[in-house]
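Per full-length UniProt numbering, the sequence shown starts with residue 1, numbered consecutively. Reading through the structure tokens given below for one structure.
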Amino acid sequence: MAVRRSFTFLLRPTSKQAAALTQCLEDHRQLYNAALEHRRTAYRAAKVTIRYGDQSAELKGIRADDSAGQGRWSFSSQQATLRRLDKAFKAFFARVKAGRTPGFPRFKGRGWFDTVEWPKDGDGCRWDSQPHHPTATFVRLQGVGHVRVHQHRRVLGTVKTISIKREGRRWFVVLSCDDVPAQPLPATGAVVGIDMGVARLVTTSNGDHIANQRHLAASAGRLAAAQRDLARRKRGSERRRKAVVRVAALHAKVRRQRLDGAHKAALALVRTYDVIVHEALKVTNMTRRAAPEPDGEGGWLPNGAAAKSGLNKSILDAGWGVFLTILSHKAESAGRKLIAVNPANTSRTCAECGHCAKENRTTQAEFRCVACGHTAHADINAAVNILRAGLALRNAAKAA
Ligand SMILES: [Zn+2]
């Protein structure tokens, strides 16, 4: 069996290459913004909808007219940038159709456009472009040259897409590979249910807490504060520019901590259990939660203090999707089974007698059944319910 996987490596560009990478990103950002402007004006002025195909057809002319600018870069990476905009519009219209009031796709400011993708290895880019070099690995990017890669691990499978990503002052290359051989783990005979929380990413039905999010919570709190600070700054001011830099740096930190915690938790689960049952995430709920609204019940941190704001909580919550994605990749590669169950009532049902009542949940941390008196850590009680629901689903599927 084979799976799809991505590999991320630090780039070691020369200063000339770093300048070219910055310019490459900047030109792709401007292309994105120009394409967005094009769609907006056409729609506002004439109620005409511009599509990806229309914009892609104009690329040839844009490149010819600006051969020292846009013309330097790969046609394919520019198409990928237009497709990215197209995706943003499709998501926007899908939300409108669903009766919501989404924000219109936004112009990307400096510092908010940090990645360029080449959709096909060999087309405007080449992984391992100097295979006979005795010690180093290089990636060739059109308009930038052969950039040295700090390749700290072997790449498996076939390279499909190549992206560059800027994080602060550092540059990374991300390879998305197909046909990566799966590495099945030996069966353990163990099954588990997991509850995903804010203070701890994962609590298992066996009572283990995995990935304490205290450090992430602290960074998320600082990010939320920095975002509030940014909102107060005047456009074009020096203070605003500094606030933007700070928000971007904290975003990167939160992302790193979240990925790190998610990888560790997923690895621990996949090593130990053959079957892992989790709650299905409702995507609509997840995105709706991104609006800063304290919900009055969640958002408790381990020290018992309420989360500082709904924004802080939403930043922590956003990690569940990331975690489940990583978990599903690792489970697939290791030959483990993941089961998603409906999350309704898992936190208010007694795992002992099945009595379901809101009053069972006395605090965020404590569960006390009003019918049978069973007490447990609320997350463990939920994880046991999740496991039970998952095994019931599996048995029903076997019987069918
Ligand atoms: Zn009970």
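A virtual CB, placed ideally from N, CA and C, is assigned to each residue, including glycine.
Identity of the residues DSSP links to residue i by a beta bridge
i: Ala-340; result: His-278
i: Glu-117; result: Ser-163
i: Glu-366; result: His-377
i: Ala-2; result: Pro-181
i: Cys-24; result: According to DSSP, which records beta bridges pairwise, Cys-24 is partnered with nothing at all.
i: Thr-137; result: Val-149
i: Ser-176; result: Ser-6 and Thr-161
i: Trp-320; result: Trp-320 is not bridged to any residue.
i: Trp-171; result: Arg-166
i: Thr-346; result: Its beta-bridge partners do not exist; DSSP assigns none.
i: Arg-126; result: Arg-140
Reference residue i, options the options, closest by Cα
i: Arg-169; options: Tyr-273, Glu-359 and Ala-252; result: Ala-252
i: Gln-257; options: Ala-224, Leu-216 and Ser-237; result: Leu-216
i: Ala-68; options: Ala-20, Ala-243, Arg-106 and Leu-338; result: Ala-20
i: Leu-269; options: Ala-199, Val-244, Glu-366 and His-329; result: His-329
i: Ile-162; options: Val-116, Ala-397 and Cys-372; result: Val-116
i: residue 452; options: Arg-214, Thr-188 and Ala-88; result: The structure shown has nothing for residue 452, since the chain only spans 1 to 400.
i: Pro-105; options: His-263, Asp-65 and Ala-94; result: Ala-94
i: Asp-178; options: Ala-231, Trp-171, Ala-218 and Lys-160; result: Lys-160
i: Cys-125; options: Leu-175, Lys-242 and Thr-41; result: Leu-175
i: Gln-55; options: Ala-46, Ala-45 and Phe-75; result: Phe-75
i: Asp-86; options: Gly-373, Leu-31 and Arg-166; result: Leu-31
i: Trp-73; options: Asp-123, Ala-42 and Arg-39; result: Asp-123
i: Ala-266; options: Ala-218, Leu-327 and Lys-313; result: Leu-327
i: Cys-372; options: Lys-313, Asn-360, Ala-383 and Gln-364; result: Asn-360
i: Lys-165; options: Lys-234, Asp-114, Arg-153 and Asp-121; result: Asp-114
i: Arg-200; options: Val-192, Val-191, Thr-349 and Gln-213; result: Gln-213
i: Gly-109; options: Ala-383, Ala-136, Glu-26 and Asp-260; result: Glu-26
Beta-carbon separation (whole angstroms), residue i vs residue j, contact threshold 8 Å
i: Ile-194; j: Ile-386; result: 7 Å
i: Ala-182; j: Ala-2; result: 6 Å
i: Leu-223; j: Val-245; result: Not confirmed; about 13 Å, so no contact.
i: Phe-172; j: Thr-8; result: 5 Å
i: Ile-277; j: Gly-390; result: It should be pointed out that residue 277 corresponds to Val in this sequence rather than to Ile. Going by Cβ atoms, the distance from Val-277 to Gly-390 rounds to 3 Å, so yes, they are a contact pair.
Which ranges would you report for the alpha helix (DSSP H) in the UniProt domain "Probable transposase IS891/IS1136/IS1341" (183-289) if only whole runs of at least 4 residues count? 214-232, 238-272 and 283-289
Test item, CB below 6 Å from any non-hydrogen atom of ligand 1: Cys-350, Glu-352, Cys-353, His-355, Cys-369, Ala-371, Cys-372 and His-374
In chain order, each alpha helix (DSSP H) run of at least 4 residues that lies wholly inside the segment 26-105: Runs of alpha helix (DSSP H) with 4 or more residues, each lying fully within the segment 26-105, are found at 52-65 and 75-97, listed in chain order.
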